[in-house]
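Visitor:
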Amino acid sequence: MFGKSENRDDYQLIQQRVGGMARDLPDRFFIDYHEHRRGQLIYASAGSILVTAEGGSWVVPPLRAVWVPPRVRHCMQAIGRIEMRTLYFDPEHTPLASTACCVVSISPLLRELIASVVKMPVDYDEHGRDGLVVELLFQEIKPLQIEPLHLPMPNDARIARICRWIVANPAEETSVTSWSKVVGASERTIIRLFPEETGMTFTRWRQQARLLAAVQMLANDRPVTEIATELGYDSPSAFSAMFRKALGSSPTEYFRRTDAD
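Counted from 1, the sequence shown has number 120 at position 120 by UniProt numbering; the numbering is strictly sequential.
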């Protein structure tokens, strides 16, 4: 696309601080586990992305991006048809301090800068106009706001079994008492292990799983009423209240917010 390679490996050993790649992917397209020498900022101008790495999963809705640090092994899946724009940053010129994956907001200016960088030749002139665009890109990236769209996954096999079930069945209200019989651990053990393994209580983790499921559905233009019912909420207003508490705005406002910035 734009006369440039769509092979990620072609951007790892370039001389410039950043290389931009554009690639459109069909719904459910899966990219298996891999890692890069360079840090990666993945932005979808349309559709959403599910990224999985050590430590959990991250949902990336439209108009947001996910930061994957250098040498972090990860896989990803398209949720809907996506227009993926990726920036690969040299490890010595990393604009984000986070050493873990994270989802960040993308301002209108940064969107335009990303669009410019992915169209630049790989060997752009660092001292010319393209270099000035890249410098502005670095300045715009540094203050990015991290969004709570991470679902941490446990290592303990018993807790992992519970978590996998909740992800597949987010509306389920199975109690800790019931789970203790299924996984062969006492209620007290499950209650203790959830914060130790995920940093969240059992109830909080289940709510976060529902939140990420909701974001994926909203990114695919599913109606709020339908999503609320599918995720087990008593009403659309109850679902919207949960969403607002977690992300600071209603479902509709959240997907409009970056456009209005």
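The beta-carbon is built from N, C-alpha and C at its ideal position, and this holds for glycine as well.
These figures come from a predicted structure and were not determined experimentally.
On a Cα-Cα basis, can you pick out the residue from V60, A228, T86 that is closest to A78?
Guide: Looking at the Cα atoms, V60 is the closest of the given residues.
Visitor: Nearest by alpha-carbon distance to Q139: which of I114, L218, P154 is it?
Guide: Nearest option by C-alpha distance: I114.
Visitor: Pull up the distance between the alpha-carbon of S98 and that of L109, whole angstroms please.
Guide: If I take the Cα positions, the gap works out to 22 angstroms.
Visitor: To the nearest angstrom, report how far apart E6 and R23 are at their CA atoms.
Guide: Whole-angstrom Cα-Cα distance: 6 angstroms.
Visitor: From what residue to what residue does the beta strand (DSSP E) around V68 run?
Guide: Element bounds for V68: 64-68.
Visitor: Express the C-alpha separation of R8 and L25 in angstroms, rounding to a whole number.
Guide: Each residue's Cα considered, the two are about 14 angstroms apart.
Visitor: Which residue comes first and which comes last in the beta strand (DSSP E) that contains R85?
Guide: Here the beta strand (DSSP E) through R85 covers 82-89.
Visitor: Quick check on the DSSP output: the beta strand (DSSP E) that includes L30 runs from which residue to which?
Guide: In the sequence on display, residue 30 carries Phe and not Leu. Note, F30: beta strand (DSSP E), 30-34.
Visitor: Less than 8 angstroms between the C-beta atoms of C101 and V72, yes or no?
Guide: Taking 8 angstroms as the Cβ cut-off, C101 and V72 qualify as a contacting pair.
Visitor: With H, G and I counted as helix, E and B as strand and the rest as coil, what does DSSP make of H127?
Guide: Note: H127 maps to coil in three-state DSSP.
Visitor: Beta-carbon separation of Q16 and D156 under 8 angstroms?
Guide: Contact flag unset, no.
Visitor: Which one or two residues does DSSP pair with I42 in a beta bridge?
Guide: According to DSSP, which records beta bridges pairwise, I42 is partnered with V66, T86.
Visitor: For R206, count neighbouring C-beta atoms within 10 Å of its own C-beta (all shown protein chains included) and say buried if the count is 16 or more, exposed if not.
Guide: Its Cβ being crowded by 16 or more others within 10 Å, R206 is buried.
Visitor: Tell me the residue span of the alpha helix (DSSP H) that contains I227.
Guide: Residues 224-230.
Visitor: What residues are listed by DSSP as bridge partners for W58?
Guide: For W58, which the question treats as bridged, DSSP gives the partners V51, H150.
Visitor: For the ligand SAM, is there a heavy atom less than 7 angstroms away from the beta-carbon of T198?
Guide: Of ligands this structure carries none, so the ligand SAM is not represented either.
Visitor: Can you tell me which of the three DSSP states Q12 falls into?
Guide: Coil at Q12, not helix or strand.
Visitor: Compute the Euclidean distance between the alpha carbons of K142 and F29, then round it to the nearest angstrom.
Guide: Cα to Cα, K142 sits roughly 30 angstroms from F29.
Visitor: Within the continuous beta strand (DSSP E) that includes A78, where are the two ends?
Guide: Where A78 is concerned, the enclosing beta strand (DSSP E) stretches over 74-79.
Visitor: Nearest to P70 by CA position, among L211, Q12, T198, I162, is which residue?
Guide: Nearest option by C-alpha distance: Q12.
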